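K.L.:
Here it is, the structure, as structure tokens.
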């Protein structure tokens, strides 16, 4: 990674959001830019306190903080941040069981992905960049249905039941963490035309002033017809934010221009240029999305800058 | 525990020695004095890197440092010493498998028991009191045979094979740790008469000057015929040590006098007086040994004194 890196401990990115919010898909692009040998991925689902059958027996849901070893998650993220290895617990999503732990060595970048990463102050303090992934709810339900049936051995009815079971805890514990994020990323279907494949989702980034965001001036348009625009707005809580909208149907030429700008803003990482925006569509086929690619690149921008000591803490 | 305790972090006792050296039996008495709610037990076998079948496949034995997560053991002991909980790995001795980890909360006293606790400098630095348990080898083999067949599902032939497999690593990695102990405890059968039950084993404590040992003057005898004597000697490495010999056939009256003295030296713990020296003999029956009781009490003396800040580090 950047040869002139000045921060000699791992840089920690949080990707927090509800189940099937798109966290792993965002993470994949970031890993492909920075290089798989430079990024360690920590999934906080591994810190579930109970197996699936125990959760049912005890009547607790996965997003309930009491159903997770959050103090141990915090301890482990702190240790990784200090450059130390951890013995990471393992939750098997397919079988719903807790398995033998595995050694996880720190790498220059660490992505912590999960439901409750910003639940406590001590946890939040572990991160260099905090992202909350908050897609359109109907979209998330669709993603969850596809993923849990294909990869986690659930039936459609079981996913529906799981969504019902978790709804209250999601609302009570996951959603309130949105307020602690430096960036809120929201994918939503275009309003004007159907997007069965998911390649033309609009991406909206709320940019909070807790991080120095890149100067996007050169590519921003006044009118906003070309798919990439920044506007001042009030967040749902009334607080001021910059809203960056990336249209799902942004022209390839235009997307390329924004990509070029972002790469030019992190010349330290320019040699890492990698294909971005790739995802598996709901038919199980590989696909590509400009708004996803640009989102991945924007998040990586912050990691590279953090490694360069641009927002020293 | 002592109401006037001045050290507000857990006090850590190491009980290191080969498999079936008698570590757990010593620990049991200490736990019964200090109270099970005040002592956490950490068995370093839980930090095995491989399952039994993996060890066979890879051709490594349990006492091989490379077959253990010693860096994680060190990290966990340090965390406990700081009063922090850990998510402890679990090795199932019966099945020879690694299982889901469990939460271990620190307690005022922590006993770390296992094969390789003093293998690295950083590990050794975690302990307040370091004991090496080094019984007569024939006795250890007998104990291992009895324990592994009764509690760990091995056949006699399997235990013999396991002893052979481990012999070289035991010699290379376990025995050299003896030199780092503050106290070396050695149980051996009496020379003059058979001791089938194990209730009359002699106990020899090498007392190194790395800890302030109790003043046993009042009960020591010049002649040494009454079962409890202290003598200056050279250790196997030529270095000077105090050698405390507790005869297996010490008279009950005499053992009681020594016990009384030791309890009087730790008045802070006097209200904790508990039945000591209990063990399960090789016929599976509960039995009692004076030399074991006095050994347990001597080790506890050091823990109580450490909690009172008597050897501030």
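Protein chains in written order, with the numbering used here: chain A, 2 to 314; chain B, 2 to 314.
Backbone N, C-alpha and C define an ideal beta-carbon position, used for all residues, glycine too.
Being a predicted model, the structure only gives us computed values, none of them experimental.
(1) Assuming the contact rule is C-beta atoms closer than 8 Å, residue 104 (chain B) and residue 88 (chain B) should be a hit. Round their C-beta distance to whole Å, please.
(2) Between B:114, B:188, B:310, B:36, which has its C-alpha nearest residue 213 (chain B)'s C-alpha?
(3) Which same chain residues, not among the five before or five after residue 11 (chain B), have their C-beta less than 8 Å away from its C-beta?
(4) At a CB-CB cut-off below 9 Å, which residues of chain A make contact with residue 43 (chain B)?
(5) List the residues of chain A that residue 70 (chain B) touches, going by C-beta distances under 7 Å, in chain order.
(6) For residue 21 (chain A), which residues of its own chain have a beta-carbon under 6 Å away from its beta-carbon, when the five flanking residues on both sides are left out?
(7) Which residues in chain A sit within 8 Å of residue 73 (chain B), going by Cβ to Cβ distance?
(8) Measure the C-alpha to C-alpha separation of residue 137 (chain A) and residue 188 (chain A) and round it to an integer number of angstroms.
(9) Could you give the distance in angstroms between the alpha-carbon of residue 221 (chain B) and the alpha-carbon of residue 208 (chain B)?
(10) Using 8 Å as the cut-off, can you tell me whether the segment 26 to 38 of chain B makes contact with the segment 288 to 298 of chain B, which would need three or more C-beta pairs spanning the two stretches below that distance?
(11) Taking all protein chains shown into account, do 16 or more other C-beta atoms lie within 10 angstroms of the C-beta of residue 285 (chain A), making it buried, or fewer, making it exposed?
(12) Across which residues does DSSP place residue 230 (chain B) in a beta bridge pair?
(13) Going along the chain, which residues of the segment 250 to 271 of chain A sit with their C-beta nearer than 9 Å to a C-beta in chain B?
(14) What are the boundary residues of the alpha helix (DSSP H) that residue 34 (chain A) is part of?
(15) List, in chain order, every chain A residue whose beta-carbon is nearer than 7 Å to that of residue 230 (chain B).
(16) Please classify residue 301 (chain B) as buried or exposed, where buried requires at least 16 other C-beta atoms within 10 Å of its C-beta.
(17) Applying a beta-carbon distance threshold of less than 7 Å, which residues of chain B neighbour residue 55 (chain A)?
(18) Three Cβ pairs or more, each shorter than 8 Å: is that satisfied between the segment 170 to 177 of chain B and the segment 150 to 161 of chain B?
(19) Provide the residue span of the alpha helix (DSSP H) that contains residue 73 (chain B), from first to last.
(20) Any idea if residue 7 (chain A) is buried or exposed, counting beta-carbon neighbours within 10 angstroms, 16 or more meaning buried?
(21) Could you work out which residues of chain B lie near residue 117 (chain A), taking near to mean beta carbons separated by less than 7 Å?
(22) Locate the alpha helix (DSSP H) running through residue 205 (chain A), then write down its first and last residues.
(23) Between the segment 246 to 259 of chain B and the segment 278 to 292 of chain B, do at least 3 Cβ pairs fall closer than 8 Å?
(24) Report all residues from its chain with a CB closer than 8 Å to the CB of residue 181 (chain A); omit the five preceding and five following residues, and keep chain order.
(25) Residue 15 (chain A) bridges to which residues according to DSSP?
(26) Taking C-beta to C-beta, are residue 66 (chain B) and residue 174 (chain B) nearer than 8 Å?
(27) Pull up the distance between the alpha-carbon of residue 49 (chain A) and that of residue 186 (chain B), whole angstroms please.
(28) Would you list the residues sitting across from residue 281 (chain A) in a DSSP beta bridge?
(29) Let me know the secondary structure DSSP gives residue 176 (chain B) once reduced to three states.
(30) Do the CB positions of residue 45 (chain B) and residue 154 (chain B) come within less than 8 Å of each other?
(31) According to the neighbour-count rule (16 or more other Cβ atoms, all chains shown, within 10 Å of its Cβ), is residue 234 (chain B) buried or exposed?
(32) Does any C-beta atom of chain A lie closer than 8 Å to the C-beta of residue 223 (chain B)?
(33) Span of the alpha helix (DSSP H) holding residue 258 (chain A)?
(34) Does any CB atom of chain A fall closer than 8 Å to the CB of residue 101 (chain B)?
(35) How would you write the range of the beta strand (DSSP E) that residue 99 (chain A) sits in, first residue to last?
(36) So is residue 194 (chain B) buried or exposed if we call it buried at 16+ other beta carbons inside 10 Å?
P.N.:
The answer reads as follows:
(1) Translated into positions along the second chain, residue 104 (chain B) becomes position 103. Translated into positions along the second chain, residue 88 (chain B) becomes position 87. Confirmed, about 6 Å.
(2) As a first step, residue 213 (chain B) must be located in the second chain, where it is residue number 212. Ranking the options by Cα distance to residue 213 (chain B), first place goes to B:310.
(3) Mapped onto the second chain, residue 11 (chain B) falls at position 10. Here the set comprises 41, 81, 82, 84, 107, 108, 109, 110, 111.
(4) Sequence index remark: in the second chain, residue 43 (chain B) carries index 42 (1-based). Near residue 43 (chain B) there are no residues of chain A at all, since even the closest Cβ is about 13 Å away, more than 9 Å.
(5) Translated into the one-based positions of the second chain, residue 70 (chain B) becomes position 69. Per Cβ cutoff of 7 Å: 88, 104.
(6) In the first chain, counting from the first residue as 1, residue 21 (chain A) sits at position 20. Cβ neighbours of residue 21 (chain A) within its own chain (closer than 6 Å, five residues either side excluded): 141, 144, 145, 148.
(7) For the purposes of this step, residue 73 (chain B) is identified with residue 72 of the second chain, where counting begins at 1. Within 8 Å Cβ-Cβ: 86, 87, 88, 104.
(8) Position 136 of the first chain, counted from the start, is the residue given in the question as residue 137 (chain A). Position 187 of the first chain, counted from the start, is the residue given in the question as residue 188 (chain A). Roughly 6 Å separates the two Cα atoms.
(9) For the purposes of this step, residue 221 (chain B) is taken as residue 220 along the second chain, with counting starting at 1. For the purposes of this step, residue 208 (chain B) is taken as residue 207 along the second chain, with counting starting at 1. Between residue 221 (chain B) and residue 208 (chain B), the C-alpha separation is close to 15 Å.
(10) yes
(11) Reading the first chain from its first residue, position 284 is the one you call residue 285 (chain A). Answer is exposed; the Cβ neighbour count stays below 16.
(12) By one-based count along the second chain, residue 230 (chain B) stands at place 229. Per DSSP, the beta bridge partners of residue 230 (chain B) are B:246.
(13) Residues passing the 9 Å Cβ filter: none.
(14) By one-based count along the first chain, residue 34 (chain A) stands at place 33. Counting along the chain, the alpha helix (DSSP H) containing residue 34 (chain A) begins and ends at 24 to 35.
(15) One-based indexing of the second chain puts residue 230 (chain B) at position 229. In chain order: nothing, as chain A lies at least about 46 Å away.
(16) Taking the first residue of the second chain as position 1, residue 301 (chain B) is located at position 300. Per the 10 Å Cβ criterion, buried.
(17) The residue you call residue 55 (chain A) lines up with position 54 of the first chain. By Cβ distance, chain B contributes nothing, its closest Cβ being about 11 Å from residue 55 (chain A), past 7 Å.
(18) no
(19) Along the second chain, read from residue 1 onward, the residue named residue 73 (chain B) stands at position 72. Here the alpha helix (DSSP H) through residue 73 (chain B) covers 71 to 82.
(20) For the purposes of this step, residue 7 (chain A) is identified with residue 6 of the first chain, where counting begins at 1. Burial call: exposed.
(21) Taking the first residue of the first chain as 1, we reach residue 117 (chain A) at position 116. Under the 7 Å cutoff, chain B gives no residues; its nearest Cβ is about 16 Å from residue 117 (chain A).
(22) Taking the first chain and counting its residues from 1, one reaches residue 205 (chain A) at position 204. No alpha helix (DSSP H) contains residue 205 (chain A), which is instead part of the beta strand (DSSP E) from 203 to 208.
(23) Counting Cβ pairs under 8 Å, three or more are found: they touch.
(24) Residue 181 (chain A) sits at position 180 when you count from the first residue of the first chain. The answer, listed in chain order, is 119, 125, 131, 133.
(25) Indexing the first chain from 1 puts residue 15 (chain A) at position 14. A:113, A:131, per the DSSP bridge assignment.
(26) Translated into positions along the second chain, residue 66 (chain B) becomes position 65. Translated into positions along the second chain, residue 174 (chain B) becomes position 173. Yes, they are a contact pair.
(27) Looking up residue 49 (chain A) in the first chain gives position 48. Looking up residue 186 (chain B) in the second chain gives position 185. Rounded to the nearest angstrom, the two C-alpha atoms are 42 Å apart.
(28) Taking the first residue of the first chain as position 1, residue 281 (chain A) is located at position 280. Residue 281 (chain A) is bridged to A:287.
(29) If you number the second chain from 1, residue 176 (chain B) lands on position 175. Three-state result, residue 176 (chain B): helix.
(30) Within the second chain, numbered from 1, the residue matching residue 45 (chain B) stands at position 44. Within the second chain, numbered from 1, the residue matching residue 154 (chain B) stands at position 153. No. Outside cutoff.
(31) By 1-based counting over the second chain, the position of residue 234 (chain B) is 233. Burial check for residue 234 (chain B): the Cβ neighbour count within 10 Å stays below 16, so the residue is exposed.
(32) Your numbering for residue 223 (chain B) matches position 222 in the second chain. Residue placement at residue 223 (chain B) is flagged as unreliable, the pLDDT there being 46, under the threshold of 50; the coordinate-derived value follows with that caveat. No, residue 223 (chain B) lies away from the interface with chain A (no Cβ there is under 8 Å from its Cβ).
(33) Working through the first chain from its first residue, we reach residue 258 (chain A) at position 257. Segment 253 to 266, the alpha helix (DSSP H) holding residue 258 (chain A).
(34) Counted from its first residue, the second chain places residue 101 (chain B) at position 100. Taking Cβ atoms only, chain A reaches closer than 8 Å to residue 101 (chain B), which makes this a yes.
(35) As a working note, residue 99 (chain A) is residue 98 in the first chain. That run of the beta strand (DSSP E) goes 98 to 105.
(36) Within the second chain, the letter at position 193 stands for residue 194 (chain B). The residue is exposed, with fewer than 16 neighbouring Cβ atoms inside 10 Å.
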